[in-house]
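J.: Can you keep this structure in mind? I'll have questions shortly.
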Amino acid sequence: MLKRTTTVGLLGLVLLAIPACDSKDDDTTPSSSTEASAAPKKATVEVGSEIVAATSKTSFREGKVSKIEGSKVTFEYGTPDKKTNKRPTQTVDKNKVWPIANPYGPKAGDHLVCKVSTTSWHPCVVKTIEGEVIKIEDHYGKAHNVNKGAVLKPDAATQANIKEFLAKEAKHRAFDKAFEAAGKPFKPAGWIPKKGEKIVIHFVGTSWYGGSVVEHKKDKGKVRIDWEGDTWDDRDVAPDEVAPQPNKPMDVKEGQFVIVRPKSATMRWEHNKILSVTDDALEVVNRDDSKRKVSKNDVLPIVP
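Under my numbering, think of the first position of the sequence shown as 9, with each following residue one higher.
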């Protein structure tokens, strides 16, 4: 009996000396549930969320969600009304709303929605990324430096819309720049504005409208003009701000920019580029790639 007792006692000592392996593993290896709880939770669209919403294919507005009904989200935006102290609201599809709390880490070439001022979000393309600085270009071709909190990644369809829109705007800018660089509407050598003569008048930028000469004030170096229609009052302009409207076929060539007589006399003379020239007509194209046939009597060439 004494020998058996001693053996049992020794076994007990051995068992006490064995380390608790399961307990050690729990202390050093984090569980999958712990890892999951540590992952950042993505913000969702809820009542009270600060969001950016697509109000059209390529227009965006910042606001705060006030109501969600099924697939529709209503949000407040802008400045409160002075009388009611309520902000205006707008309702859009829920899939066109993105929480501002979900900033996106972009890459060059991404077509996103970017915050370019206090509350203004515009379509943009990421040009480069330098550290924390994201260099973007908006639809005006203007460059901005922003951070990750100022860019949002919309759904794939909206990204495609933004890409198409930015390409179209870039093409417009290139056309307009080339038109402006080409010069001004043609004037015959030695031309002097005469009272009652039909003319085109420079308005602003590269815009020209129809009108007529009221008086040529040679002593003052001014021409008194009368715009077509009654939208604008008569005014005095410099002689280089007017040119005679065409009254015969103009001598033009392929690739030349022209302004084309509008269907309504009060409308702006349209900017076009000549694609081809025949004996009695021209094929022209505008900044939107819209082509048409026009008479040589209805164009003024743009010359240096």
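Ideal Cβ placement from N, Cα and C applies to all residues, glycine included.
Looking at ALA251 and PHE194, is the spacing between their C-beta atoms short of 8 angstroms?
T.: Looking up residue 194 in the sequence shown gives position 186. Looking up residue 251 in the sequence shown gives position 243. It is a contact, given that the beta carbons lie within the stated cut-off.
J.: For LEU174, which beta-bridge partners are listed by DSSP?
T.: To locate residue 174, count along the sequence shown from 1; it is residue 166. Answer is none; LEU174 lacks a bridge partner.
J.: Can you tell which of ARG69, SER125 and ASP259 has its C-alpha closest to the C-alpha of THR99?
T.: As a first step, residue 99 is located in the sequence shown; it is residue number 91 there, counting from the start. The residue with the shortest Cα to Cα distance from THR99 is ARG69.
J.: Quick check: the Cα distance between GLY191 and GLY157, rounded to an integer number of angstroms?
T.: Mapped onto the sequence shown, residue 191 falls at position 183. Mapped onto the sequence shown, residue 157 falls at position 149. Straight-line Cα distance between these residues: approximately 44 angstroms.
J.: Which one or two residues does DSSP pair with ILE144 in a beta bridge?
T.: To locate residue 144, count along the sequence shown from 1; it is residue 136. DSSP, once it has assigned bridges, lists VAL134 and HIS152 as partnering ILE144.
J.: Put ASP184 into one of helix, strand or coil per three-state DSSP.
T.: Within the sequence shown, the letter at position 176 stands for residue 184. The answer is helix: DSSP assigns ASP184 an H, G or I state.
J.: Among the residues of its own chain, which have a CB less than 6 angstroms from the CB of VAL141, if the five just before and after it don't count?
T.: Locating residue 141 in the sequence shown gives position 133, where the first residue counts as 1. Within the same chain, VAL141 has close Cβ partners ASN153.
J.: Hey, how far is the Cα of VAL266 from the Cα of LYS179?
T.: As a first step, residue 266 must be located in the sequence shown, where it is residue number 258. As a first step, residue 179 must be located in the sequence shown, where it is residue number 171. In a straight line, the C-alpha of VAL266 is about 18 angstroms away from that of LYS179.
J.: Pull up the distance between the alpha-carbon of LYS281 and that of SER74, whole angstroms please.
T.: Counted from its first residue, the sequence shown places residue 281 at position 273. Counted from its first residue, the sequence shown places residue 74 at position 66. Looking at the two C-alpha atoms, the distance is approximately 50 angstroms.
J.: Taking PRO254 as the reference, which of SER284, ASN93, PHE83 and PRO309 has the closest Cα?
T.: Residue 254 sits at position 246 when you count from the first residue of the sequence shown. Taking only the C-alpha atoms, the option nearest PRO254 is PRO309.
J.: Between GLU58 and LYS185, what straight-line distance do the alpha-carbon atoms span, to the nearest angstrom?
T.: Here residue 58 refers to the residue found at position 50 of the sequence shown. Here residue 185 refers to the residue found at position 177 of the sequence shown. Rounded to whole angstroms, GLU58 to LYS185 spans 39 angstroms at the Cα level.
J.: Please state the DSSP three-state secondary structure of GLU54.
T.: Locating residue 54 in the sequence shown gives position 46, counting from the first residue. Of the three classes helix, strand and coil, the one that applies to GLU54 here is coil, per DSSP.
J.: Here's the rule: buried if 16 or more other CB atoms are within 10 angstroms of the residue's CB, otherwise exposed. What is THR127?
T.: Sequence index remark: in the sequence shown, residue 127 carries index 119 (1-based). Its Cβ having fewer than 16 others within 10 Å, THR127 is exposed.
J.: So, for ALA51: in the same chain, excluding its five sequence neighbours on each side, which residues have a beta-carbon less than 6 angstroms away from its beta-carbon?
T.: Here residue 51 is taken as the residue at index 43 of the sequence shown, counted from 1. Closer than 6 angstroms at the Cβ level, and outside the excluded window around ALA51, lie PRO107, ALA109 and ASN110.
J.: If you run the structure through DSSP and keep just helix, strand and coil, what is SER41?
T.: Here residue 41 refers to the residue found at position 33 when the sequence shown is read from its first residue. Only weak support is given to the placement of SER41: the predicted model assigns it a pLDDT of 42, under 50, and the question is left unresolved by the model.
J.: Tell me the DSSP bridge mates of TRP129?
T.: The residue labelled residue 129 in the question sits at position 121 within the sequence shown. According to DSSP, which records beta bridges pairwise, TRP129 is partnered with LYS123.
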